[in-house]
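A.B. asks: Can you keep this structure in mind? I'll have questions shortly.
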Amino acid sequence: MNNFFKTLLDRLLRRRRKVKIGLYGHPNSGKTTLANTICEDWIGKPLGVISDIPHETRTVYKQEEVVIEKDGAKLYFDIIDTPGVATKVDYKNFLKYGLSEREAKERAKEATKGIIEAIKWLDDVTGVLLVMDSAEDPLTQANITIIGNLEARKIPFLIIANKIDLPESSADRISAVFPQHTVVPISALHRENIEQLYMEMVKRFR
Amino acid sequence: MRRLVILVHQCINCGAKYKSVAELSEGCPKCGGRYFKYTHKKRREDKSPGDSIETIMIHENGIYEINLTPLLKDDSIIVSDEEGKYVIDLNFLLKKNLKKRF
Chain A
334 MNNFFKTLLD RLLRRRRKVK IGLYGHPNSG KTTLANTICE DWIGKPLGVI
384 SDIPHETRTV YKQEEVVIEK DGAKLYFDII DTPGVATKVD YKNFLKYGLS
434 EREAKERAKE ATKGIIEAIK WLDDVTGVLL VMDSAEDPLT QANITIIGNL
484 EARKIPFLII ANKIDLPESS ADRISAVFPQ HTVVPISALH RENIEQLYME
534 MVKRFR
Chain B
243 MRRLVILVHQ CINCGAKYKS VAELSEGCPK CGGRYFKYTH KKRREDKSPG
293 DSIETIMIHE NGIYEINLTP LLKDDSIIVS DEEGKYVIDL NFLLKKNLKK
343 RF
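Residue numbers (this note's numbering), protein chains in the order written: chain A, 334 to 539; chain B, 243 to 344.
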């Protein structure tokens, strides 16, 4: 109810609403790569470090005051890159990347804390880019749970079918699983279809 | 880190170790010896509650340890049976946050 009056007051006073867009998704789906692409395009510097090892982002990174301008329309927002959301974290998965057992266990612990932190940030975001690896099966507990929760909270979101440059990718599979939501196929790494993403972002979150 | 010490009865004659005194009523089941000393079987390293993030630790099937600190602080359920292996109940966490919001 408080939000309703705040929004009404903002509109009456023609105040610009603070938009906070969170990047959510599985570990290694390309959230930080996408955050870096957006920040490099509109701020001129990347946001975080990327790596092949899952759970590289284990804490929330934020870039304030990003402005996207598309066809004369502007979207002002803060971008929030969150750690990958998973239901299981096993240190053994990190050993194959050359980490010692101690390092892998510490990474697993930090990754688990990061998942909790990412979920808590859902209270603060006003929009979400749900990033999925289009080469992987999108029908996972984490994806379904997040989408259900975003719907319940009435948080607008876009599904990003990332990694369309991979031969085994299929953005259509994601569209087929979530037909009621907008799916934007992109390659954050190779900047494929990024302009379309900016257009959809302005349309959805402005 | 703290050490967990398990005390056992050790047969002086053959060195076999027994957790329960009930099985020694007829002497040592191995050699029949009647004299035992009270000693440590093994020392197991255990984490202090401040180090751990899991709310439920499964020591073995049927033996659970509940860590109240993260449970009260974070409102999250993280189940673990080994350090570095965690299962997170996303639904519980999301529902808790959703209730707070409305």
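Beta carbons are placed, not taken as given, at the ideal position from N, Cα and C, and that holds for glycine.
Please name the residue in A:Ala368, A:Asp411 and A:Pro387 whose C-alpha comes closest to that of A:Gly381.
C.D. replies: Translated into the one-based positions of the first sequence, residue 381 of chain A becomes position 48. Residue A:Ala368 holds the alpha-carbon nearest to the alpha-carbon of A:Gly381 among A:Ala368, A:Asp411 and A:Pro387.
A.B. asks: Using a Cβ cut-off of 8 Å (strictly closer), state whether B:Leu313 contacts chain A.
C.D. replies: The residue you call residue 313 of chain B lines up with position 71 of the second sequence. B:Leu313 is outside the set of residues whose beta carbon lies under 8 Å from a beta carbon in chain A.
A.B. asks: With 7 Å as the limit, tell me which residues of the segment 317 to 332 of chain B have their beta carbon closer than that to any beta carbon of chain A; keep them in chain order.
C.D. replies: Ser318, Ile320, Glu325, Gly326, Lys327, Tyr328, Val329, Ile330 and Leu332
A.B. asks: Closer than 9 Å between beta carbons: that is the criterion. Which residues of the segment 400 to 426 of chain A meet it against chain B?
C.D. replies: Val418, Ala419, Thr420, Lys421, Val422, Asp423, Tyr424 and Lys425
A.B. asks: Could you give the distance in angstroms between the alpha-carbon of B:Gly277 and the alpha-carbon of B:Gly257?
C.D. replies: In the second sequence, counting from the first residue as 1, residue 277 of chain B sits at position 35. In the second sequence, counting from the first residue as 1, residue 257 of chain B sits at position 15. The amino acid occupying residue 277 of chain B in the given sequence is Tyr; Gly does not appear at that position. When only Cα atoms are considered, B:Tyr277 and B:Gly257 end up about 10 Å apart.
A.B. asks: May I have the straight-line CA-CA distance separating A:Phe427 from A:Tyr409, to the nearest angstrom?
C.D. replies: Locating residue 427 of chain A in the first sequence gives position 94, where the first residue counts as 1. Locating residue 409 of chain A in the first sequence gives position 76, where the first residue counts as 1. Going from the Cα of A:Phe427 to the Cα of A:Tyr409 covers about 38 Å.
A.B. asks: Identify whether A:Ala451 lies in helix, strand or coil by the three-state DSSP scheme.
C.D. replies: What you label residue 451 of chain A is simply residue 118 of the first sequence in a count that begins at 1. Reduced to three states, the DSSP call for A:Ala451 is helix.
A.B. asks: Rounded to the nearest angstrom, what separates A:Lys378 and A:Val516 at their Cα positions?
C.D. replies: By 1-based counting over the first sequence, the position of residue 378 of chain A is 45. By 1-based counting over the first sequence, the position of residue 516 of chain A is 183. In a straight line, the C-alpha of A:Lys378 is about 27 Å away from that of A:Val516.
A.B. asks: Among A:Val400, A:Ala494 and A:Asp423, whose alpha-carbon lies nearest the alpha-carbon of B:Ile320?
C.D. replies: Along the second sequence, read from residue 1 onward, the residue named residue 320 of chain B stands at position 78. Here the closest residue by C-alpha is A:Asp423.
A.B. asks: Beta-carbon separation of B:Gly326 and A:Lys442 under 8 Å?
C.D. replies: For the purposes of this step, residue 326 of chain B is taken as the residue at position 84 of the second sequence. For the purposes of this step, residue 442 of chain A is taken as the residue at position 109 of the first sequence. Cβ distance < 8 Å, so B:Gly326 and A:Lys442 count as in contact.
A.B. asks: Which residues mark the beginning and the end of the alpha helix (DSSP H) in which A:Leu530 is found?
C.D. replies: Start at 1 with the first residue of the first sequence, and residue 530 of chain A comes out as number 197. That run of the alpha helix (DSSP H) goes Ile527 to Phe538.
A.B. asks: Where DSSP assigns a beta bridge to A:Gly460, which residues make up the other side?
C.D. replies: In the first sequence, residue 460 of chain A corresponds to position 127, counting from 1. Paired residue(s): A:Ile354.
A.B. asks: Assign A:Ala468 to one of three DSSP states: helix, strand, or coil.
C.D. replies: Counted from its first residue, the first sequence places residue 468 of chain A at position 135. It is coil, neither helix nor strand.
A.B. asks: Buried or exposed: A:Ile401, going by 16 or more other Cβ atoms within 10 Å of its Cβ?
C.D. replies: Counted from its first residue, the first sequence places residue 401 of chain A at position 68. Under this definition A:Ile401 is a buried residue.
A.B. asks: Cα-Cα, which of A:Ile354, A:Ser384 and A:Ile376 is closest to A:Leu522?
C.D. replies: Taking the first sequence and counting its residues from 1, the one referred to as residue 522 of chain A is at position 189. Residue A:Ser384 is the option with its Cα nearest to A:Leu522.
A.B. asks: A:Glu439 by DSSP, collapsed to three states: which one?
C.D. replies: Position 106 of the first sequence holds residue 439 of chain A. Residue state, collapsed to three classes: helix.
A.B. asks: Taking Cβ-Cβ distances below 9 Å as the criterion, which residues of the segment 480 to 494 of chain A are in contact with chain B?
C.D. replies: Gly481, Asn482, Ala485 and Arg486
A.B. asks: For B:Leu266, which residues of its own chain have a beta-carbon under 8 Å away from its beta-carbon, when the five flanking residues on both sides are left out?
C.D. replies: Counting from one through the second sequence, the residue named residue 266 of chain B turns up at place 24. Once the five neighbours on either side are set aside, the close Cβ partners of B:Leu266 are His251, Tyr260 and Phe278.
A.B. asks: With three or more beta-carbon pairs closer than 8 Å as the criterion, would you say the segment 428 to 439 of chain A touches the segment 462 to 482 of chain A?
C.D. replies: No, because fewer than three Cβ pairs between the segment 428 to 439 of chain A and the segment 462 to 482 of chain A fall closer than 8 Å, the two stretches do not touch.
A.B. asks: Bridge partners of A:Ile413, per DSSP?
C.D. replies: Within the first sequence, numbered from 1, the residue matching residue 413 of chain A stands at position 80. Partner(s): A:Gly355 and A:Lys395.
A.B. asks: Do you know offhand how far B:Ser318's Cα is from B:Tyr328's?
C.D. replies: Position 76 of the second sequence, counted from the first residue, corresponds to residue 318 of chain B. Position 86 of the second sequence, counted from the first residue, corresponds to residue 328 of chain B. So the two alpha carbons sit approximately 12 Å from each other.
A.B. asks: In terms of alpha-carbon separation, which member of A:Ala485, A:Glu398 and A:Asp404 lies closest to A:Glu528?
C.D. replies: Locating residue 528 of chain A in the first sequence gives position 195, where the first residue counts as 1. Minimum Cα distance to A:Glu528 is reached at A:Asp404.
A.B. asks: Where B:Lys337 and A:Ala406 are concerned, what is the direct C-alpha to C-alpha distance, given to the nearest angstrom?
C.D. replies: By 1-based counting over the second sequence, the position of residue 337 of chain B is 95. By 1-based counting over the first sequence, the position of residue 406 of chain A is 73. If I take the Cα positions, the gap works out to 36 Å.
A.B. asks: Note down, in chain order, all residues in the segment 441 to 468 of chain A with a beta-carbon under 7 Å from any beta-carbon belonging to chain B.
C.D. replies: Ala441, Lys442, Thr445, Lys446, Ile448, Ile449, Ile452, Lys453, Leu455 and Asp456
A.B. asks: With a threshold of 8 Å between beta carbons, is B:Leu249 in contact with chain A?
C.D. replies: Taking the first residue of the second sequence as 1, we reach residue 249 of chain B at position 7. B:Leu249 does not count as touching chain A.
A.B. asks: Residues in the same chain with beta-carbon distance under 7 Å from A:Ile585, minus the five sequence neighbours each way, listed in chain order, please.
C.D. replies: Here chain A comprises residues numbered 334 to 539, so residue 585 of chain A is not present and cannot be evaluated.
A.B. asks: A:Glu373 by DSSP, collapsed to three states: which one?
C.D. replies: Here the question's residue 373 of chain A lines up with position 40 in the first sequence. In the structure shown, A:Glu373 adopts helical secondary structure according to DSSP, grouped into three states.
A.B. asks: What do you reckon, are the CB atoms on A:Ile452 and B:Leu335 nearer than 8 Å?
C.D. replies: As a first step, residue 452 of chain A is located in the first sequence; it is residue number 119 there, counting from the start. As a first step, residue 335 of chain B is located in the second sequence; it is residue number 93 there, counting from the start. Result yes, Cβ atoms of A:Ile452 and B:Leu335 sit closer than 8 Å.
A.B. asks: Spatial neighbours of B:Glu324 within its chain, please: C-beta separation below 8 Å, excluding the five flanking residues on both sides.
C.D. replies: If you number the second sequence from 1, residue 324 of chain B lands on position 82. Within the same chain, no residue comes within 8 Å of B:Glu324 by CB-CB distance, once the 5 residues on both sides are set aside.
A.B. asks: Whole-angstrom Cβ separation of A:Val393 and A:Thr420, contact assumed at under 8 Å?
C.D. replies: In the first sequence, the residue the question calls residue 393 of chain A occupies position 60. In the first sequence, the residue the question calls residue 420 of chain A occupies position 87. At roughly 19 Å, the Cβ-Cβ gap does not stay under 8 Å, so A:Val393 and A:Thr420 are not in contact.
A.B. asks: What did DSSP end up calling A:Leu483 once you bin it into helix, strand or coil?
C.D. replies: Translated into the one-based positions of the first sequence, residue 483 of chain A becomes position 150. In the structure shown, A:Leu483 sits in a helix (DSSP, three-state: H, G or I).
A.B. asks: Note the first and the last residue of the continuous beta strand (DSSP E) segment covering A:Lys421.
C.D. replies: Counting from one through the first sequence, the residue named residue 421 of chain A turns up at place 88. It spans Lys421 to Asp423 - the beta strand (DSSP E) in which A:Lys421 sits, taken as one unbroken run.
A.B. asks: Taking Cβ-Cβ distances below 9 Å as the criterion, which residues of the segment 505 to 521 of chain A are in contact with chain B?
C.D. replies: none
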